[in-house]
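I have placed the structure first, in the form of structure tokens, so that the comments after it can refer back to it.
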Amino acid sequence: MSDLQSQDYVRRSATTMTPPMARSHEDQVAKLIDVSRCIGCKACQSACMEWNDLRPEIGHFEGSYENPADLGPSVWTLMKFAEHENEQGNLEWLIRKDGCMHCEDPGCLKACPAPGAIVQYANGIVDFISDKCIGCGYCVKGCPFNIPRISKQDHKSYKCTLCSDRVAVGLEPACVKACPTGAIMFGSKADMQHQAKERIVELKSRGFDNAGLYDPQEVGGTHVMYVLHHADRPSLYSGLPDKPRISATVDLWKGFIKPLGLAGIALAALAGFFHWISAGPNEVTEEDEAEGERVLREGEEKVS
Amino acid sequence: MTRPKNAIVRYTLANRVNHWITAICFVLLVLSGLSMFHPMLFFLSGLFGGGQWARAAHPWIGVVLLLSYLGLIVQFWRENLWNRDDSAWMKSIDAVVANDEERSPPVGRNNAGQKLVFWSMTLLVPVLFFSGLAIWEVYFGAATSIPTQRAAALIHSVAALAAIIIWIIHVYAAIWVRHSVRAMTQGYVTPGWAWRHHRKWLLELASHQHGKTDTRKRT
Amino acid sequence: MNLPVDKETSLDEYMRTKQFKPLRPGQTSYWQNYRKFFVSLQKALWGDAASKDNDWAYDWLPKLDVPLYDVIKAFEMMDQGQMGGYICQGFNPLQAFPDRGKIRRSLSKLKFLVTMDPLDTETSRFWQDFGPQNPAKSAEIQTEVFQLPTTCFAEENGSLVNSARWLQWHWKAADAPGDAKSDIWIMTGLFQRLRELYRKEGGAFPDPVLGLTWKYTDPHEPDPEELAKEMNGRALTDLVDPATDTVATKAGTLLDAFAQLRDDGSTSSGCWIFTGCFTEKGNQMARRDATDPREQGIAPNWAWAWPANRRILYNRASADPDGKPWNPAKPVISWNGSKWVGVDVPDYGPTVKPSDGVGPFIMNAEGMGRLFARDMMGDGPFPEHYEPLESPVENVLHPKVSSNPVARVFPNDRASFGSPKNFPYVATTYRLTEHFHYWTKHALINAVLQPEEFVEIGEALAKEKGIEQGGWVKVSSKRGEVICKAYVTKRIKPMTVDGKPTHVIGVPIHWGFTGQARKGYGANTLTPSVGDANTQTPEFKAFLVNVERTAAPAA
């Protein structure tokens, strides 16, 4: 996706100067995916492909209803299917729309070394600014949800943009528009949380005691949330992480190692410079040359 | 190569070529690597034609460095084996730093500092290479798990920082001990240099003179 | 309306079974008006050539010598060499009809085949060797195939009728690619050339073709709007209201309702249930007012529903005998004291009082809904349990008459039924969300979403047969075999029939050998060529197969 306006940014990858926060009056948006209403029709996948002009390769049947087989540079959302036999012995076909969670504290943005390649807008959308991407794949390591995918064609990283281009002109994301059951809803995060609350009450009244909202606080909350029948076990839903967080390794790598490392290098160089101006160069003297010659001569004489 | 009459050849052509290939690669890796390590240094990627080039070239240069460094290991491992003299030299490091080499024990072909540089790089370069492979996205992104890649990225960064600091020490020492750089560019040192900095080596050279006329140029 | 049969040698003879007199006093029995619909149709087809003198061109209509020329009958005739040519318009028999092997064999016996389709259908290419998915021996096939590409719905004006009976008009959005032509252009071309040949060379009976009325602005490609008006119907002469003896409708006026149709040749209508769809007020099918006044899913001004824009048939039954809605929260029509009013067009005499006791089921002669069949069914009067023609068990109610005794089964088809001994599992066919029949495999996005043929097997059966998730299997019936991958699922559990586990295998239908998706054998490779005793709908949903693990095919 290309840039909107830099005043929209509240976070910018690999940037030591704080973004201006000029638009912090904007409402945070969110996409709410009600898994209990999803029928796995893949209209969202079609709409995403059509709006974003994505055409992945035709794959093969891989032992699952998931097609294509994985997210990819041309697959920004994917229905995932899990057949779950519950405690009552009944079958629940848990179908979840996978894709970028648009974290409030994005791991991808934290890991990215290319200034401005990943940005977060005031409305919460996390977007990849592709012309700045260097294709290193650090975003993949930063993401707690295994979402970004690097293209083998242009060596850039891609993921769901939450239709930032549509949202910017007041439209709902393409998947939201296409969903026939209204399982995907879009609006302010506050509204979406409210919607979710009402739906959860309804689900509980239908026997889903552990129905709840998936809005993981370990990443500061997300701008893509799920209503789950079994919010106590997100991992039932085809590998949705139970407690997603930015890895401590990534935190460290992109944390104090950075200034510490630079400081270490600077100190080493400065130590050298200050040694030079204090102890000075170590010169060979004429006496040393004379001694050296003597040793060699004595050595030669021993031989001959 | 023109050298003075009393020159002692310290580094052969093979030594020097291998060293400088390694050195050039190392510098390029430092510049491209730092550009991806810290945002304030991202501008360094401009030296490589931009961020995509820096990202693409860095691992390939790393491959060349690994192969080149293997050559250095083959050529120099014997002269870097640790012995009792090295421990003693380390104890008198304060004298060394103050340019007062008379107060430190006589040094063989390499002093303990040089040996430490050799062995730490011998450890760090493979660590950098293999951790680098794990994060070489374009060829190995699919082959390794994400948790492995996270660990590799951290290890690679820390090892690189250590290597850079050791390199700074190595370069500074080469400048500070005058005529050390010339030893690696033109291959020779003077007897006086040998007497002052590597006296034990000089004595060994002198006592092996019989049958060996190539220790130094003589008319 | 039914096409006459051979035995009905005159219009009066035909009409004898079409009187539909009320069986109880006071009932509407609207089919009483049959003759009006029939004559109006004949006038639409033959115009001035259909007159009282020639029984409204009754003799020009083809007559049925068998009760029904359905798909299974047609291909049986083809297989027996009784059909020389086939015009296949907007159909893909090789994919859609049962027993693909029989379909392929039958098509190979034709002298000519014409296909009219926007897509490159399997039927068009039945003669071409596509490997195991279509093992045709081209050298041995003498059929001449004419593949005529047609426009698709987005490339022409027209109406689409859905299963809620709405006729929704659509407009051309793009030009058709290449040489594709509309069905109208193609049919017109065929008609005009045949007519010319009949004119020049004569023939066994040229009259119906020569007499066909063809009064269109562009006789080579009639406008869809003109055809719609023709189907709607118009007054051919001034229509006089007998009650007032004044002209109620002038000649040439488009009719508003089928109640205006007459059997004296003064009206024409190509399709009486469509009367009202294109009137002097305009194209009713093009209306786009989505207002749903009661939020009940009834938007009376969105497009036009047959008949008479009635959204719910027999809607008098939504109110109790006194005319008050059964559910006050969801009223459809109700009696206001002098007439029936509401959100829908009443399917009832508008001023018929509730106290008159006229039944809501006005098309039935007795005015009531039916729980059993008086006539018009092959079997009856009560519903009965019969096993499918291929069944794993005998009919537990009457083992000697296991399946429907009045089902029409051709001898060769019966010979290709398998037994549970060799084919111990039940198969059924169904659809996937990602595809619609055999079209969408030609669309790239759909092919990406569901690329390749598979069958669905329950975990118990998979374990028994050593079939792994995504592993290759061979599913076979007496008629053919399908080699594809298996989806092992918890969603299919064995049924317990007669105390024994009966396994079910699910076979999604969408695969063939043209289009973007990966080549597949197709579900109809397995299905039996036999239909329901009454409707002839093929028995796609229950038949016998065997399944075995097999090696992956050579690439």
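So the sequence lines, in the order shown, correspond to chains A, B and C. Residue numbering for the first sequence follows the numbering used here, beginning at 1 and increasing consecutively. Residue numbering for the second sequence follows the numbering used here, beginning at 305 and increasing consecutively. Residue numbering for the third sequence follows the numbering used here, beginning at 524 and increasing consecutively. We put the CB at the ideal spot given by N, CA and C, even for glycine.
H1033 of chain C sits in coil when the DSSP states are folded into three classes, being neither helix nor strand.
Rounded to whole angstroms, the Cβ separation of R1002 of chain C and D622 of chain C is 5 Å, and the two are in contact under 8 Å. Less than 8 Å divides the Cβ of I885 of chain C from the Cβ of Y553 of chain C. Relative to the Cα of W579 of chain C, the nearest Cα in the group C:I1028, C:V770 and C:G788 belongs to C:G788. Its Cα nearest to that of A826 of chain C, the residue C:R810 stands out among C:R810, C:C1007 and C:P816. Residue pairing by DSSP places W827 of chain C opposite C:L690 in a beta bridge. Nearest neighbour of R12 of chain A by Cα position, chosen from A:Y237, A:N282, A:K132 and A:C136, turns out to be A:K132.
Judged by their CB atoms, T1073 of chain C and W995 of chain C are nearer to each other than the 8 Å cut-off. Residue-level contact by beta carbon holds for V284 of chain A and chain B, with a gap shorter than 8 Å. T1019 of chain C counts as exposed, since fewer than 16 other beta carbons sit within 10 angstroms of its beta carbon. For a Cβ distance threshold of 8 Å, nothing in chain C lies close to K258 of chain A: the least Cβ distance comes to about 41 Å. Taking C-beta atoms as the reference points, C143 of chain A and C175 of chain A fail to come closer than 8 Å. The residue from B:P451, B:E441, B:V462 and B:L369 with its alpha-carbon nearest to that of K152 of chain A is B:E441. For Y953 of chain C, the enclosing beta strand (DSSP E) begins and ends at Y948 to Y953. Close to K964 of chain C, with beta-carbon spacing below 7 Å, lies no residue of chain A; the smallest spacing is near 10 Å. Inside the region 904 to 942 of chain C, DSSP marks whole alpha helix (DSSP H) runs of 4 or more residues at positions 934 to 938, from first to last along the chain.
Of all alpha-carbon atoms in C:K625, C:W689 and C:E744, the one lying nearest the alpha-carbon of Q715 of chain C is that of C:E744. At least one beta carbon of chain B lies nearer than 8 Å to the beta carbon of A268 of chain A. No Cβ of chain B is located within less than 8 Å of the beta carbon of I118 of chain A. Between the region 592 to 609 of chain C and the region 1008 to 1018 of chain C there are fewer than three C-beta pairs closer than 8 Å, too few to call the two in contact. When C:V1005, C:G799, C:I1006 and C:F959 are compared, the shortest CA-CA separation from W689 of chain C is found for C:G799.
For T638 of chain C, the beta-bridge partners assigned by DSSP are C:C611 and C:Q670. Per the DSSP secondary-structure output, V313 of chain B pairs in a beta bridge with B:Y492. Sixteen is the threshold: when 16 or more other Cβ atoms of the shown chains lie within 10 Å of the Cβ of V126 of chain A, as they do, the residue is buried.
What E441 of chain B touches in chain A, judged by beta-carbon distance under 9 Å, is G135, C136, G137, Y138, V140, I150 and H155, going in chain order. Between S563 of chain C and S791 of chain C, the C-beta spacing is below 8 Å. If you draw a straight line from the Cα of S46 of chain A to the Cα of G124 of chain A, it is about 25 Å long. Contact between the region 644 to 659 of chain C and the region 679 to 695 of chain C is not established, with fewer than three Cβ pairs separated by less than 8 Å. At a Cβ-Cβ threshold of 8 Å, T1048 of chain C and F1066 of chain C do not count as neighbours.
Here G212 of chain A is buried, its C-beta having at least 16 other C-beta atoms within 10 Å. In the three-state DSSP reduction, L427 of chain B falls in the helix class (H, G or I). With respect to R55 of chain A, L713 of chain C sits apart: the two C-beta atoms are not nearer than 8 Å. If you look at K156 of chain A, you'll find it isn't in any beta strand (DSSP E); DSSP assigns it neither H nor E.
When beta bridges are read from the DSSP output, L762 of chain C appears opposite C:T772. Within the same chain, and ignoring the five residues on either side of L240 of chain A in sequence, the residues whose Cβ sits closer than 6 Å to its Cβ are P234. Of the other Cβ atoms in all chains shown, 16 or more fall within 10 Å of the Cβ of F186 of chain A; this residue is therefore buried.
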